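**Q** Following full-length UniProt numbering, the numbering of the sequence shown begins with 1 at its first residue and continues without gaps.
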Amino acid sequence: MNKILLIIQREYFSRVKKKSFIVMTFLTPLLIAGVYAIIGYFTYKGIKDTHDSVAIVNNNKTLTEKLQTDKNIEYTYIDKNLEEAKKSIGKADYDYILYLPEFTLDAPKGIELFGTKQAGMSLNKRVSGDIEELIRTQKLKESGISQSDLDKLKTEVDISTKKIAETGAEEESSAGASTFIAFTAGVLMFMFIMMYGIQVMRGVIEEKTSRIIEVMISSVKPFQLMMGKIVGIALVGLTQFMLWIVLTLAISTAAVSLFVNKDDVKEIAAAQAQSQATTGNPTMAAAATQAGPIGDIQKSLTGLDVGKIVMVFIFFFLGGYLFYSALYAAIGSAVDSETETQQFMMPVMLPLLLGYALSLSVVTNDPYGSTAFWLSMIPFTSPIAMVVRIPYGVPNWELALSMIILVVGFLGTVWVAGRIYRVGILMYGKKTTFKEMFKWFTYKN
1 MNKILLIIQR
11 EYFSRVKKKS
21 FIVMTFLTPL
31 LIAGVYAIIG
41 YFTYKGIKDT
51 HDSVAIVNNN
61 KTLTEKLQTD
71 KNIEYTYIDK
81 NLEEAKKSIG
91 KADYDYILYL
101 PEFTLDAPKG
111 IELFGTKQAG
121 MSLNKRVSGD
131 IEELIRTQKL
141 KESGISQSDL
151 DKLKTEVDIS
161 TKKIAETGAE
171 EESSAGASTF
181 IAFTAGVLMF
191 MFIMMYGIQV
201 MRGVIEEKTS
211 RIIEVMISSV
221 KPFQLMMGKI
231 VGIALVGLTQ
241 FMLWIVLTLA
251 ISTAAVSLFV
261 NKDDVKEIAA
271 AQAQSQATTG
281 NPTMAAAATQ
291 AGPIGDIQKS
301 LTGLDVGKIV
311 MVFIFFFLGG
321 YLFYSALYAA
331 IGSAVDSETE
341 TQQFMMPVML
351 PLLLGYALSL
361 SVVTNDPYGS
371 TAFWLSMIPF
381 TSPIAMVVRI
391 PYGVPNWELA
401 LSMIILVVGF
411 LGTVWVAGRI
421 YRVGILMYGK
431 KTTFKEMFKW
441 FTYKN
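(1) Jot down the residue ranges of each uninterrupted alpha helix (DSSP H) in the segment 372-409, minimum 4 residues, whole runs only, in chain order.
(2) Can you tell me whether Tyr368 is helix, strand or coil according to DSSP?
(3) Ordered along the chain, which non-local residues of its own chain (more than five positions away) have a Cβ less than 7 Å from that of Leu327?
(4) Here's the rule I'm using: 16 or more other beta-carbon atoms within 10 Å means buried, otherwise exposed. How should Val387 be labelled?
(5) In or out: Gly144 buried (at least 16 other Cβ within 10 Å) or exposed?
(6) Tell me the DSSP secondary structure of Leu100 in three-state form.
(7) What's the gap between the Cα of Phe441 and the Cα of Gly186?
(8) Look at Ile56 and Leu100 and say whether their C-beta atoms are less than 8 Å apart.
(9) Which residue from Met194, Leu225, Tyr321 puts its Cα closest to that of Ser333?
(10) Measure from the alpha carbon of Leu98 to the alpha carbon of each residue in Asp106, Met194, Ile89, Leu105, then state which is nearest.
(11) Sorted by chain position, which residues of the same chain lie with C-beta nearer than 6 Å to Glu74's C-beta, five sequence neighbours on each side aside?
(12) I need the DSSP call for Thr137, collapsed to helix, strand or coil.
(13) Looking at the secondary structure, which residues open and close the beta strand (DSSP E) in which Ala55 lies?
(14) Mind checking whether Tyr12 and Leu350 have CB atoms under 8 Å apart?
(15) Using only the alpha-carbon positions, how far apart do Arg422 and Asp305 sit?
(16) Is the CB-CB distance between Ser361 and Leu375 below 8 Å?
(17) Using three-state DSSP, classify Ile78 as helix, strand or coil.
(18) Note down the Cα distance separating Val127 from Leu134, rounded to an integer number of angstroms.
(19) Return the residue from the list Ile8, Ile4, Arg419 that minimises the CA-CA distance to Ile233.
(20) Under three-state DSSP, which class holds Ile22?
(21) Beta carbon of Ile181, beta carbon of Ile314: below 8 Å?
(22) How is Gly120 classed by DSSP in three states: helix, strand or coil?
(23) Just to confirm my understanding: we take Asn60, look at its own chain, exclude 5 residues before and 5 after, and list those with CB closer than 6 Å. What are they?
(24) Residues in the same chain with beta-carbon distance under 6 Å from Thr283, minus the five sequence neighbours each way, listed in chain order, please.
(25) Taking buried to mean at least 16 other C-beta atoms within 10 Å of its own C-beta, is Asp264 buried or exposed?
(26) Is it true that the CB of Tyr321 sits closer than 8 Å to the CB of Ile404?
(27) Which of the three DSSP states is assigned to Thr289 in this structure?
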């Protein structure tokens, strides 16, 4: 045991003392925050600044209502036929031509959008939505509904989602916050397991090719060496993860205080409170006083047990890392260079990639379905699937069962990897195959 602790200590301090570790630990949260800020800025700018000019060639006598210009699309009805409009599209003050042929309101067909450049998906959807709304409005008017009545029909609905706990108590919940945390946790879990697992493999290859492993094996058993390396790098990853949490919280707090104007928040809250009071809803008026960006964030996090989410993430990070790093250590012991690892890495990476892809698609859409359940139970996929499910709420018995299976799976992979590691670590100059690794596994002590 003392020898394993010495190896853990060596692996841990040799990495955390590196300048690259210190720089990336402090720089990564800033880089991530910067990337998200850039994405948010250009997304907002793209929505705000997008402006397209669309000329309309209307050959439809049934559709008497007209498309109305908004802040993103300027509609202009022109007195030209379609062929004339096509010829002038590059010279006139419009980017696209919308052709409305003759059709009935019940079966709008043959509508076309022309342009010298390919229309984007967002423009296509906006134009389609505007036409659908136009047809709907005309149908309602033809049924005898006035414009004032039509305006009254437009109502915005804000649904407050709540979850009923096992005790029967109602808890605030937010599908948006749960989905965001689920996606973030899934991406981080996949990234961490891959990054630190590959570090184990590279460390084994470096020690094997430098022949320092022969000296170390004379003092410790191969299994002790493998376990010390795996646990030592796991502690490095855990240290980095905890520092990232602290730094991210600090950056988030500073960003809110710097970029959120408190006077604007108060004005928004006061306006919403006055609006609710006018409609005669004092309860909503009181709640509106907590409105604004900060209030929305606080409300979305109210129903989430953030402490539990973080603890579950740490457990499944350690469990998933230990599970996969044992396999990566076995791969590193079987080869003489990193270029030879490709054929062995693919079978190990595929289950992790499968869990990642399904978790961010199937699990986020149906976190309580049978697919989500089995993905969170199988050790190859549970580290990602369970952390994606946990923000939505997972029964304690499922969480406990998943943890137990992951621990058993880790012990199994360590046993398998240890039997390969003990032989492969001393093999040089021989092309390794899966058949050869199976022979190493069957060797008796």
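Every residue, glycine too, gets a C-beta built ideally from N, C-alpha and C.
Remember, it's a predicted structure, so these values are computed and weren't measured experimentally.
**A** Here's the rundown:
(1) 382-389
(2) coil
(3) Val348, Thr413, Ala417
(4) buried
(5) exposed
(6) strand
(7) 33 Å
(8) yes
(9) Leu225
(10) Ile89
(11) Ser53
(12) helix
(13) 52-58
(14) no
(15) 44 Å
(16) no
(17) coil
(18) 10 Å
(19) Ile8
(20) helix
(21) no
(22) coil
(23) Leu100, Glu102
(24) Reliability of the predicted coordinates at Thr283 is poor, the pLDDT of 43 falling under 50, and no value is obtained from them.
(25) With a pLDDT of 48 at Asp264, under the threshold of 50, the modelled position of that residue is not reliable, and the figure given next carries that caveat. Per the 10 Å Cβ criterion, exposed.
(26) no
(27) The pLDDT assigned to Thr289 is 41, lower than 50, so where the model puts this residue is not dependable, and the model offers no usable value.
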